[in-house]
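Here it is as structure tokens:
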């Protein structure tokens, strides 16, 4: 039997929400810029790192899991200095 953690799971959307709240707090009234692009880049890199690890480095399998074309995966891996 696997050991259970003492803390409840923190869903990804809750983590994102908490971090966005902190981001706006840190802005101290300044207006943000290009948030969508910033957030996508921040989420994509760990997503690709973990998926590639779990797929054993198999790009075809990783692309299938992600629901994207293998060429798109390759480009994004290069964009994030992962490939």
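Residue numbers (UniProt numbering): 1 to 83. Quick reminder that beta carbons are idealized off the backbone N, C-alpha and C, glycines included.
For residue 76, is the classification buried or exposed, using 16 other Cβ atoms within 10 angstroms of its Cβ as the cut-off for buried?
-> buried
Whole-angstrom distance between residue 62 and residue 36, CA atom to CA atom | 24 Å
Over the uninterrupted alpha helix (DSSP H) stretch that includes residue 36, give me the two end residues.
-> 35-54
If we ignore side chains and look at the alpha-carbon of each, how far apart do residue 57 and residue 33 end up?
-> 35 Å
Would you grab the beta carbon distance between residue 74 and residue 67 for me? Rounded to a whole angstrom, and I think it's under 8 Å.
-> Wrong, their Cβ atoms sit about 15 Å apart, outside the cutoff.
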